[in-house]
Amino acid sequence: MKLTNNTILITGGTSGIGWQLGQALLKLGNEVILLGRNSAKLAKAKAEGFHTIQCDLNNQTEIEQAVLRIEQDFPRLNFLFNNAGVQYNYQFTQDIVSSHKIQQEVCTNLTGQLILTQLLIPLLHQADRSFIINTTSGLGAFPKADGLVYSATKAALRNFTQGLRYSLKNTPIKVLEFIPPVTETAMTQGRPEAKMSSDALVTHIIPQLKKERKILTVRKMRLFLWVAFLFPGLAHKILNKS
Numbered sequence: 026m027k028l029t030n031n032t033i034l035i036t037g038g039t040s041g042i043g044w045q046l047g048q049a050l051l052k053l054g055n056e057v058i059l060l061g062r063n064s065a066k067l068a069k070a071k072a073e074g075f076h077t078i079q080c081d082l083n084n085q086t087e088i089e090q091a092v093l094r095i096e097q098d099f100p101r102l103n104f105l106f107n108n109a110g111v112q113y114n115y116q117f118t119q120d121i122v123s124s125h126k127i128q129q130e131v132c133t134n135l136t137g138q139l140i141l142t143q144l145l146i147p148l149l150h151q152a153d154r155s156f157i158i159n160t161t162s163g164l165g166a167f168p169k170a171d172g173l174v175y176s177a178t179k180a181a182l183r184n185f186t187q188g189l190r191y192s193l194k195n196t197p198i199k200v201l202e203f204i205p206p207v208t209e210t211a212m213t214q215g216r217p218e219a220k221m222s223s224d225a226l227v228t229h230i231i232p233q234l235k236k237e238r239k240i241l242t243v244r245k246m247r248l249f250l251w252v253a254f255l256f257p258g259l260a261h262k263i264l265n266k267s
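First residue of the sequence shown: 26, per this note's numbering; consecutive thereafter.
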C-alpha cells in the first residue's frame, strides 16, 4: 500500500500505541484524524497537526455525530484504524465489579467499533482502495484469568475481522488485523512482564503495513498464536506466569 497522502482515522489515538502510530503516519505525509474522549489530549494533538474528533465509543449518538462530521469534513477517508481499547484486571468469578466497567469494556473494545465500522463502510467504498485495520490481542486467541471480559471482546473482534475480510473480499476495502504484544502503555502499567515500547512496535509494524500483511504483529506474538492454537494448556501456563 501507499503510505502517503491518505486520510486516516485512528480511534484511541491520543495515547499509547494509537498516538505513536498517528505520529508516524503524520510524518509520512498523511492527513490523520484522531478520535478520542479526552478533550485535553485532543487539544494537544490538534496543536501538533492532527485533526481531532471528540467521541465516546460507549455512546451511539456521539458515534453517529462523529460519522456525520467525517463524511462532511473528510470525504477522502480511506483508512479506518480501530485501535481504542480498555482493560480492567479482576477475577470475574471472585471480585465484585460494577456492571458499568463490564459494559465499558464491551462497548469500547467491541460494540462501539462495530457500529463505527458499519457506518463508515459506505464512505470507505468511495475510495479507489481503502483499509480497515482492527487492533485485537493475543488474549483474543486465549483468555487470561484476570482479563476475561477484555479477552472475550478481543476474541469477538478477531472473529469479526476475519468475517469482515471475507465479506468485503470483492470490494476496494481490505481488512487487516493488528495484534500488538504487551506494550508499554498506561493500560499495562504495573504488569510485571517485559513490555515493548510503543515507538519500537510502530517502527516494526509500518513496513508490514506497507506490505499489506493480513496480520500485523511481532515474531513473539506470531509464535504465541500458534501455541494457543496447538497447545492450549501451554498457552494457559504462559499467561498465568504473568
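For every residue, glycine included, the Cβ atom is placed at its ideal position computed from N, Cα and C. Bear in mind that the values here come from a model prediction, so they are computed numbers and not experimental data.
- For isoleucine 230, the uninterrupted alpha helix (DSSP H) run begins and ends at 223-235, by DSSP.
- By alpha-carbon distance to valine 131, the top candidate from Ala225, Leu93, Gly172, Glu89 is Gly172.
- Residue state for phenylalanine 156 is assigned as strand, using DSSP reduced to three classes.
- Taking all protein chains shown into account, leucine 255 has fewer than 16 neighbouring C-beta atoms within 10 Å of its C-beta and is therefore exposed.
- Within the model, the alpha-carbon separation for arginine 238 versus threonine 29 is close to 18 Å.
- For asparagine 107, there is no enclosing alpha helix (DSSP H); the enclosing beta strand (DSSP E) has its first and last residue at 104-107.
- Inter-segment contact for the region 161-178 and the region 189-207 is present: three or more beta-carbon pairs are separated by less than 8 Å.
- Phenylalanine 254 carries a helical assignment under DSSP once its states are collapsed to helix, strand and coil.
- For threonine 36, the secondary structure class from DSSP, reduced to helix, strand or coil, is strand.
- Unbroken beta strand (DSSP E) stretches of 3 residues or longer found wholly inside the region 34-82: 56-61, 76-79, given in chain order.
- Beta-carbon to beta-carbon, proline 100 and serine 155 are separated by about 12 Å, too far to satisfy the 8 Å threshold.
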